[in-house]
Structures are given as structure tokens and as C-alpha cells.
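**Q** Residues in the sequence shown are numbered consecutively from 91, following our numbering.
Beta carbons: idealized from backbone N, C-alpha and C, even for Gly.
If you scroll down you'll find the structure; I have some questions about it.
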Amino acid sequence: MPIDFSDASAAAASAGMLAAVNRLLSRIGYPPVAALDAGGASMQANAQRKIEQADDDVQRRGWHFNTFSDIELIPNGSNQIAVPAGVIYHIDTFGRDAGRNVTRRASILHDLGANTDTFTGPLRVSYVRRQPWDDVPP
Numbered sequence: 091m092p093i094d095f096s097d098a099s100a101a102a103a104s105a106g107m108l109a110a111v112n113r114l115l116s117r118i119g120y121p122p123v124a125a126l127d128a129g130g131a132s133m134q135a136n137a138q139r140k141i142e143q144a145d146d147d148v149q150r151r152g153w154h155f156n157t158f159s160d161i162e163l164i165p166n167g168s169n170q171i172a173v174p175a176g177v178i179y180h181i182d183t184f185g186r187d188a189g190r191n192v193t194r195r196a197s198i199l200h201d202l203g204a205n206t207d208t209f210t211g212p213l214r215v216s217y218v219r220r221q222p223w224d225d226v227p228p
């Protein structure tokens, strides 16, 4: 399931975030703002950081919209399995591979039971991945 990070997608995400920032600002008695200030020290920048922290806390738990199950990962040319792209909060084996104990080390999977990062075949997993702001249900 590819994620579109095009300019149109980014504009929509920033519009959604701007609306969320303005809702938060109005609850604490501040007037709405016309633009985000993600890297600044303004009130809207602080509000955006708080919203992003809360979003991260919520998504980390794993929900129907950000949990991907029964995904087959295939070893690369070095027989290592790369962790899927994006911010992955949790990854675990699934289905026929549910008994294997793996963990993420840097960007690859490590088989704790065999003490190796080399895999001889595909591995079925389930993982929780951070989704863009506008893909999170209300």
C-alpha cells in the first residue's frame, strides 16, 4: 500500500494540520492562524508539536488503519530482510511464522531464536506503521 507524498498530498496534510492547530489554539483562547510554523517558537509551532506528539502516542498503540497483517517480506541479495519503509512502531511474525522470535535491529530483522540476521526464505509478519496525518480517521 504505497503512500503518496506528492505536493498535493503535502498541501492537504498541511491544511488538515492547520485546522487541528487552529482548533487547539481556540480551546486555549488564542486566535486562529493563517499558516503553520513547524520549526519555530511561536504558539502555533508549539501547538503543532503537541498535536504531532499526541498523534504519535495514539498511532503507536496500533489500530485498524495502521496495522498491516499477513505481509510477506522477502530476503534481499544478502539474505537479510529489510524492515518496511516508514516509521515502524512494532513488527512481529505472523501466520505460519508466528513461532519465530524476531526483532528489528537498525533497518533489518534479526532472528533472536537462531541469533542471526540471515533468512533462507520469506517471512510473514504483522506490523504497526505510522500513517500521515490525513490518513488517520477522525
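1. Around the Cβ of Val-215, are there at least 16 other Cβ atoms within 10 angstroms (buried) or fewer (exposed)?
2. Check whether the Cβ atoms of Phe-158 and Asp-225 lie closer than 8 Å to each other.
3. For Val-177, which residues of its own chain have a beta-carbon under 8 Å away from its beta-carbon, when the five flanking residues on both sides are left out?
4. Do Leu-115 and Gln-134 come within 8 Å of each other at the CB atom, strictly closer than that value?
5. So is Val-173 in contact with chain B if we call contact Cβ pairs under 8 Å?
6. If you follow the beta strand (DSSP E) that Arg-150 is in, where does it begin and where does it stop?
7. What residues in its chain sit with their C-beta under 7 Å from that of Leu-202, if we drop five residues either side in the sequence?
8. Are Pro-174 and Phe-209 touching if we call contact CB-CB under 8 Å?
9. Please report the Cβ distance between Gly-211 and His-180, rounded to the nearest whole angstrom; I am assuming they are in contact, meaning their Cβ atoms lie under 8 Å.
10. Note down, in chain order, each residue of its chain lying with its Cβ closer than 7 Å to the Cβ of Gln-138, except the 5 sequence neighbours on either side.
11. Using DSSP with H/G/I as helix, E/B as strand and the rest coil, what is Ala-172?
12. Less than 6 Å between C-beta atoms, sequence neighbours within five positions excluded: which residues of the same chain meet that for Asp-207?
**A** Working from what's here:
1. When all chains shown are included, Val-215 counts as buried.
2. No.
3. Correct list, in chain order: Arg-219 and Arg-220.
4. For Gln-134 and Leu-115, yes; Cβs fall inside 8 Å.
5. Considering every chain present, this structure includes no chain B. It has just one protein chain.
6. Following the DSSP letters along the chain, one finds Arg-150 in no beta strand (DSSP E) but inside the alpha helix (DSSP H) bounded by residues 133-150.
7. Taken in chain order, the residues that qualify are Asn-191, Val-192 and Thr-193.
8. Taking 8 Å as the Cβ cut-off, Pro-174 and Phe-209 do not qualify as a contacting pair.
9. With a contact defined as Cβ atoms closer than 8 Å, Gly-211 and His-180 miss out at about 23 Å.
10. If you ignore the 5 residues before and after Gln-138, its C-beta comes within less than 7 Å of the C-beta of Met-107, Val-111, Leu-126 and Ala-128, all in its own chain and listed in chain order.
11. Ala-172: strand per DSSP, three-state reduction.
12. Here the set comprises Gln-170, Ile-198 and His-200.
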